[in-house]
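S.K.: Those protein sequence lines, which keep their order, are chains X and V. Okay, so the first sequence: first residue is 0 according to numbering that gives the first Met the number 0, each after it adds one. Okay, so the second sequence: first residue is 0 according to numbering that gives the first Met the number 0, each after it adds one. Just so you know, even glycine gets a beta-carbon here, dropped at the ideal spot from N, CA and C.
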Amino acid sequence: MLKETANNMSYPEQLEALLGQAVYELPQAEKEQQLGSLLLALHRHHQLQCNEYSQLYPQPLKATENMAGLPYLAVRLFKLLDLKSVADDEVLKCLSSSGTTGQIPARIYLDAVTSRWQSKTLVKILQQFLGKQRLPMLIIDCQASHMSGAALNARSAGIQGLAMFGRNHTYALNADMSPNWAAIDAFCAQHQHEKVLIFGFTFMVWQYFVKALQQQGRSINLPQGHLFHSGGWKKLQSESVDNATFKQGVEASTGIQQVTNFYGMAEQVGTVFMECSHGYLHAPATADVIMRNCFDLSEQPTGEQGLIQVLSALPFSYPGFSLLTEDLGTVHGVDDCECGRKGKYFTVQGRLPKVELRGCSDTAAAAV
Amino acid sequence: MDTQQQLQQAFSDALGIPAASVTDDLTYNTIPEWDSTAHMILIAELENVFDVMLDTDDIIDMSSVAQAKLILQKYDVSFG
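1. When you compare only the Cα positions, how much space is there between X/M290 and X/G302?
2. Taking only the alpha-carbon atoms, compute the straight-line gap between V/D75 and X/S229 and give it to the nearest angstrom.
3. Are the beta-carbon atoms belonging to X/L69 and X/H42 less than 8 Å from one another?
4. Can you give me the Cβ contacts of V/L45 inside the same chain, cut-off strictly under 6 Å, excluding the 5 residues immediately before and after it?
5. Let me know the secondary structure DSSP gives X/E89 once reduced to three states.
6. Kindly indicate which three-state DSSP category V/L69 falls into: helix, strand or coil?
7. Could you tell me whether any non-hydrogen atom of the ligand SAH is closer than 7 Å to the CB of X/K78?
8. Do V/V64 and V/T22 come within 8 Å of each other at the CB atom, strictly closer than that value?
9. Per the contact definition of three or more C-beta pairs closer than 8 Å, is the region 6-26 of chain X in contact with the region 49-56 of chain X?
10. Leaving out the 5 sequence neighbours to the left and right, which residues in its chain are closer than 6 Å to X/A211 when beta-carbon positions are compared?
11. Determine which residues of the region 41-59 of chain V have a Cβ less than 8 Å from any Cβ of chain X, and write them out in chain order.
12. In chain V, what lies closer than 7 Å to X/L91 by C-beta?
13. Output, in sequence order along the chain, the residues in the region 118-130 of chain X whose CB is closer than 9 Å to any CB in chain V.
14. Which class does V/T26 belong to by DSSP, given the choice of helix, strand or coil?
15. Return the chain-ordered list of same chain residues with a C-beta closer than 8 Å to the C-beta of X/S118, the five sequence neighbours on each side being excluded.
16. Could you give the distance in angstroms between the alpha-carbon of X/Q142 and the alpha-carbon of X/L172?
17. Between X/F345 and X/V288, how many whole angstroms is the CB-CB distance? I'm expecting something under 8 Å.
18. Quick check on DSSP: helix, strand or coil for V/D56?
19. Hey, would you say V/K40 sits closer than 8 Å to V/A13, going by beta carbons?
20. Measuring alpha carbon to alpha carbon, tell me which of X/P352, X/A284, X/C338 ends up nearest X/T120.
21. From the beta carbon of X/M273, is the nearest beta carbon of chain V less than 8 Å away?
22. Per DSSP, X/E274 is paired with what?
23. In whole angstroms, give me the CA-to-CA distance for V/I16 and V/P31.
24. Give me the residue from X/L82, X/T253, X/E31 with the minimum Cα distance to X/C49.
25. Taking the alpha-carbon positions, what's the V/S35 to V/N28 distance?
26. Give a yes or no on whether the minimum CB-CB distance between X/T100 and chain V is below 8 Å.
27. DSSP puts X/L137 in a beta bridge; with which residues?
28. From the DSSP secondary-structure annotation, give me the bridge partner or partners of V/Y74.
29. Alpha carbon to alpha carbon, how far is X/G305 from V/W33? Give it in angstroms, no decimals.
30. Buried or exposed, going by whether 16 or more other CB atoms sit within 10 Å of the CB of X/L47?
31. Count the C-beta pairs between the region 191-200 of chain X and the region 217-226 of chain X that are closer than 8 Å, then say yes if the count reaches three, no if not.
32. Does the beta carbon of X/S95 sit closer than 8 Å to a beta carbon anywhere in chain V?
33. Within the same chain, show all residues whose beta-carbon is closer than 8 Å to that of X/I255, passing over the 5 residues directly before and after it, in chain order.
34. Sorted by chain position, which residues of the same chain lie with C-beta nearer than 8 Å to X/Q236's C-beta, five sequence neighbours on each side aside?
35. May I have a chain-ordered list of the alpha helix (DSSP H) segments no shorter than 4 residues that lie completely inside the region 193-238 of chain X?
36. Do you know whose CA, among X/D334, X/F320, X/A265, lies nearest X/K92's CA?
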């Protein structure tokens, strides 16, 4: 049952307390309480501050609801409506998610506080994998100055989050997506024997980096590299490239053995779901997932595929704390992943059929 | 240049603002020039000027000029 905290902590105080917790040590039952009461506070905040949200959900929540009983918005609503819960003069920036010609980008309004919590949360999650250090960083993309339109906004925002963990940032691609061999070779020569960080969107890493290396009969060697990638598998599924094939291809062409996929979206920046060494995505303390039946939207039991609902403690300036995505996923278990992390662990199977292309790497695919 | 002047110059160069406007209470995201993109340029500039290696906690915590001083003091940079 969701209840407001007994000690009358404000939303920022509750959020700080949750952020202070270890990222992956909160058992699901405790998460229902701690994250649940934060989400309830967010629901009330958005009811008060966002007209559209209060029109959709005018009723008070029943006291008996659990997290699955919280309202959720269809993620595409952010393409159709300008949804915000802070005054116009508090808006720091508007993040527009992936959208290419013929597709409408979502608009996510961020204030200074929400934006800061996003950075703080993302750093906390990634520190679990990288430590606090910053590493020489190879970015499998072109420089932001070469991107245009919505791609600039969505892709560069994604890169910027990871770039906090990098130094001497090197961009591996030219403006036309061809490999910048001079930059790549110089980076590898300088950092071959060091830990390095590599980041790119999944499709771009495969199409413009791994395949480009293969086609030219080249390889590089970054044995201490750690590749993080995100942004959707849809384009790669059509080429029958799954996670295992991806990892093998990356290692064969680059020598990179550590490859970590993560699931996240522009509508909930900060709370990303990272892949563990057993290949499962994990919800951090500040977020959760619920799989819903595609036909009646009831909660799917563990092991059953469903539409992914994502819950995040961060969205304060816009009503995006509980969103029904158009992705299909399966929860495989709770609190008992062999990697030791608590909470739910899951995999993503792909996009609901007949949904427009979205995801940072997929729109890059559509654009070329 | 003393460290205070070096700090002001580093902020001024990284953010493209006059050195005189770099006061202790200048805060991240309150002026258009100090946004998340400029923040990473600022971090690199401070690392160069003071010959330090800042970690990811430092990047997140560096929310004002006053905070920048506190963080740099951890790395034995003193401000008179």
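M.R.: With the given structure in hand:
1. Rounded to the nearest whole angstrom, the C-alpha separation of X/M290 and X/G302 is 10 Å.
2. When rounded, the distance between both Cα atoms is 38 Å.
3. If you check the CB distance, X/L69 and X/H42 come in under 8 Å.
4. The answer, listed in chain order, is A9.
5. Note: X/E89 maps to helix in three-state DSSP.
6. Helix.
7. This structure lacks the ligand SAH; in fact it carries no ligand of any kind.
8. In contact: V/T22 and V/V64 (Cβ atoms closer than 8 Å).
9. As far as the Cβ criterion goes, the region 49-56 of chain X does not touch the region 6-26 of chain X, which means the pair count is below three.
10. The answer, listed in chain order, is P178.
11. Legend: CB atoms of the region 41-59 of chain V lying less than 8 Å from CB atoms of chain X belong to residues A43, E46, M52, L53, D54, T55, D56, I58, I59.
12. Near X/L91 (Cβ distances below 7 Å), the residues of chain V are N28.
13. For the region 118-130 of chain X, the set of residues with a beta-carbon nearer than 9 Å to any beta-carbon of chain V comprises S118, K119, V122, K123, L125, Q126, L129, G130, in chain order.
14. In the structure shown, V/T26 sits in a strand (DSSP, three-state: E or B).
15. Cβ within range, chain order: G160, M163, G269.
16. So the two alpha carbons sit approximately 8 Å from each other.
17. Contact between X/F345 and X/V288 holds, with the beta-carbon distance rounding to 6 Å and staying under 8 Å.
18. If DSSP states are grouped into helix, strand and coil, V/D56 belongs with the helices.
19. Residue identity differs from the one stated: residue 40 of chain V is Ile in this sequence, not Lys. Contact: yes.
20. For the options X/P352, X/A284, X/C338, the alpha carbon positioned closest to that of X/T120 is the one of X/A284.
21. For X/M273, the answer is no, since every Cβ of chain V falls outside 8 Å of its Cβ.
22. Note: X/E274 sits in a beta bridge opposite X/L280.
23. C-alpha separation (whole angstroms): 10 Å.
24. Selection X/L82, X/T253, X/E31 evaluated against X/C49 yields X/L82 as nearest (Cα-Cα).
25. Distance between the alpha carbons of V/S35 and V/N28: 8 Å.
26. Here X/T100 scores only 47 on pLDDT, less than 50, and its place in the model is too uncertain to base an answer on.
27. As a beta-bridge residue in DSSP terms, X/L137 pairs with X/T169, X/I197.
28. Looking at the DSSP assignment, V/Y74 forms no beta bridge with any residue, so it has no partner.
29. Straight-line Cα distance between these residues: approximately 42 Å.
30. By the Cβ-count criterion, X/L47 is exposed, with fewer than 16 other Cβ atoms from all chains shown falling within 10 Å of its own Cβ.
31. Contact between the region 191-200 of chain X and the region 217-226 of chain X is established, with three or more Cβ pairs separated by less than 8 Å.
32. Interface residue (Cβ-Cβ distance to chain V less than 8 Å): X/S95 is not classified as such.
33. Excluding the 5 residues flanking it on each side, X/I255 has same chain C-beta neighbours closer than 8 Å at I197, L221, P222, G224, H225, L226, V249, in chain order.
34. The residues are G349.
35. You should have 210-214, 233-236.
36. Of the listed residues, the one whose Cα sits closest to X/K92 is X/A265.
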